[in-house]
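J.: This note's numbering numbers the first residue of the sequence shown as 25 and each following residue consecutively.
For glycine and all other residues, C-beta sits at the position ideal for the given N, C-alpha and C.
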Amino acid sequence: MANLVPEGLTADVFNQAVAEMRAVVGKQWVFAEDQAALRSYRAAYGATPDEAHLPSAAVAPDGVEEIQAILKIANDYRVPLWTISTGRNFAYGGPAPRKAGYVVLDLKRMNRIIEVNEELAYALVEPGVSYFQLYEHLQKTGSKLWIDPAAPGWGGPLGNTLDHGGGYTPYGAHMLMQCGMEVILADGTVVRTGQGALPNSDNWQTVPYNFGPYVDGLFTQSNYGIVTKMGFWLMPEPPGFMPFMVTFPKQDQLHDLVEILRPFKLNLIPHNGAIMADLIWEASTKATRRQYYSGKGPIPPSARRKIAEDHQIGEWNLYAAFYGPEPLNKLQWEPLEAALRTLPGIEIYYEGDRKGDPTWDYRRDLMRGIPNMTEFSLMNWIGGGGHINFSPICTPYGAEAMKSWAMIRDRANEFGFDYIGEFAIGWRELIQVLMLMFDRTDASQRDAAYNLFNTLIEDFAKEGYGEYRTHLDFMDQVAQTYDWNDHALLSLQERLKDGLDPNGILSPGKQGIWPEHMREPR
Ligand code: ADP
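1. Give the DSSP-derived three-state secondary structure of Ile370 in the structure shown.
2. Can you tell me where the alpha helix (DSSP H) holding Leu303 begins and where it ends?
3. With respect to the beta strand (DSSP E) encompassing Gln202, which residues constitute its N-terminal and C-terminal limits?
4. CA-CA distance, Trp305 and Arg365?
5. Given that a residue counts as buried once 16 or more other Cβ atoms are within 10 Å of its Cβ, and exposed if not, what is Asp442?
6. Classify Gly178 as helix, strand or coil using the three-state DSSP reduction.
7. Are there any heavy atoms of the ligand ADP lying less than 8 Å away from the beta-carbon of Arg112, as far as the coordinates show?
8. Which residue from Pro73, Pro325, Ser225 puts its Cα closest to that of Gln469?
9. Have a look at the DSSP bridge pairing and note the partners of Trp340.
10. Could you give the DSSP three-state label for Gly255: helix, strand or coil?
11. Can you check whether the CB of Pro263 is closer than 9 Å to the CB of Gly348?
12. Would you grab the beta carbon distance between Glu375 and Arg388 for me? Rounded to a whole angstrom, and I think it's under 8 Å.
13. Suppose you measure from the CA of Lys274 to the CA of Asn234; what does that come to, to the nearest Å?
14. Below 9 Å between beta carbons: does that hold for Phe414 and Thr505?
15. Can you check the region 414-453 for any alpha helix (DSSP H) of at least 4 residues that lies completely inside it and give the ranges in chain order?
16. Any idea if Met201 is buried or exposed, counting beta-carbon neighbours within 10 angstroms, 16 or more meaning buried?
17. Please name the residue in Ala67, Asp130, Asn113, Asp58 whose C-alpha comes closest to that of Ile91.
18. Assign Phe235 to one of three DSSP states: helix, strand, or coil.
19. Please report how far the alpha carbon of Leu367 lies from the alpha carbon of Met266, in whole angstroms.
20. Would you mind giving the Cβ-Cβ distance between Phe484 and Pro416, rounded to the nearest angstrom? I have them listed as a contact below 8 Å.
21. Any chance the CB of Lys168 is under 8 Å from a heavy atom of the ligand ADP?
22. Would you check whether the ligand ADP has a heavy atom nearer than 8 Å to the C-beta of Trp106?
Structural data, given as structure tokens:
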């Protein structure tokens with residue numbers, strides 16, 4: 025007997041649904057009574073208590089037919105399903121459902137690497153394939169293709185791409201590299217997008233578009249379907265790889281750094297998305313806060329200086345790389361290097377210059393397509409487990425970077441937290457990530473983190489900055505900020521939801537999109 029029941033269902037009806045799911049996937053692949061198993065799906069790092077997002081059950085199908093059978097049961101009994109792939113996007117809620125009581129549809133067992141095409145450099149995978157698994161597969165088979173892992177590498181390409189995630193090689197914009205999907209709609213219909221819609225086509229993973237509207241994006245950050253296969257492009261191993269790191273001693277050098285990078289990035293130099301990590305993000309993979317400061321509130325400047333000295337790091341730390349023939353890499357680096365060298369006090373490091381530095385090692389590996397888990401050691405900075413990411417977008421101007429950085433820093437300090445953050449500069453966008461760390465065992469810290477997050481969403485919306493992704497607890501608030509023309513976008517998303525999933529069984533509330541029966545008036 026399950027303990028928790030989805031909203032609106034009686035225990036009897038729910039138990040009947042669970043029994044039918046067991047008949048589909050086998051008893052051992054439905055978890056309903058085993059509280060320890062269910063707790064493994066909690067939002068383990070969030071600012072709200074575990075109970076806010078505990079599922080009533082989890083079901084782990086192995087294949088399209090089993091998913092179709094589960095969908096039929098969910099439609100018959102109105103059981104809300106929450107789909108996850110590897111469920112490792114922890115700073116945004118991980119495997120947990122939007123509301124307590126949903127049934128997690130866990131696709132980890134579907135972890136087949138269906139195809140790797142060495143000549144055309146692409147892969148087609150199932151949802152449960154992790155970055156580690158794909159990397160090991162390519163190593164074992166002697167492939168000359170690189171993957172583009174997220175940090176940390178226990179997530180997978182399918183779930184990460186669906187959540188608009190990114191990586192650190194030139195293939196880091198995962199949405200741009202995605203090519204062809206297989207999706208099951210709420211009524212059980214299986215759709216293949218792009219050239220996959222043409223029987224016998226060889227181009228499913230080479231040409232992203234089909235005849236007519238391009239629909240792949242509809243299944244990302246959405247609750248319109250269950251993606252069961254996804255294709256994406258892989259990077260051929262380049263003849264040379266030249267990673268570098270630059271440290272900047274002053275906080276306000278962020279301004280000039282972004283001004284220097286923008287015109288280069290528009291010309292794809294450096295070749296990957298460059299990361300600018302602040303002092304504490306950088307330090308937290310090698311030290312703890314207590315080693316430098318045990319007081320409350322933000323770390324004082326004297327302690328910051330000591331951290332910088334001890335670890336040879338800057339207030340900002342730039343990581344990027346060049347990929348290609350060595351002479352070409354050097355030629356492309358020269359003008360960027362010359363521009364950076366106009367900034368006082370900077371230091372430049374190359375491969376071999378930072379032996380024994382775990383941060384250099386993991387950043388270099390990520391830029392080289394080698395998955396790892398080192399970034400998780402950020403968690404040791406404070407201890408206590410809490411971390412959620414606030415991730416706003418701005419334009420790559422120095423003044424914008426400074427403004428949005430100061431907005432977060434000041435609010436974080438006001439609520440008693442350090443600024444721990446980084447910027448990623450892409451082709452034309454600048455994404456800032458605040459790693460909001462807190463002691464999850466302390467209710468007052470949890471509340472402060474929650475309130476800070478909500479305040480930041482409001483602050484940023486007022487200035488015209490949106491979040492590119494968010495934690496479960498803040499999906500409604502963020503969706504409400506995209507409200508141009510009386511919420512026309514959200515209204516369109518809701519109309520699509522009503523048409524595609526009239527019973528509202530797929531991930532209700534994901535990204536603020538609720539089915540009609542759960543929708544609150546605006
Ligand atoms: P990762 O692989 O990075 O761990 P997740 O499995 O947590 O990513 O997926 C990220 C989010 O994307 C999930 O919370 C879920 O809302 C959505 N999602 C994941 N897998 C699917 C899928 N197969 N179909 C539809 N949505 C999915």
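T.: So, from the listed chains and residues:
1. coil
2. 303-307
3. 202-208
4. 24 Å
5. buried
6. Checking the sequence, you will find Trp at residue 178 rather than Gly. Three-state result, Trp178: coil.
7. yes
8. Pro73
9. Phe272, Asp302
10. strand
11. yes
12. 7 Å
13. 50 Å
14. no
15. 422-438
16. buried
17. Asp130
18. coil
19. 22 Å
20. 5 Å
21. no
22. yes
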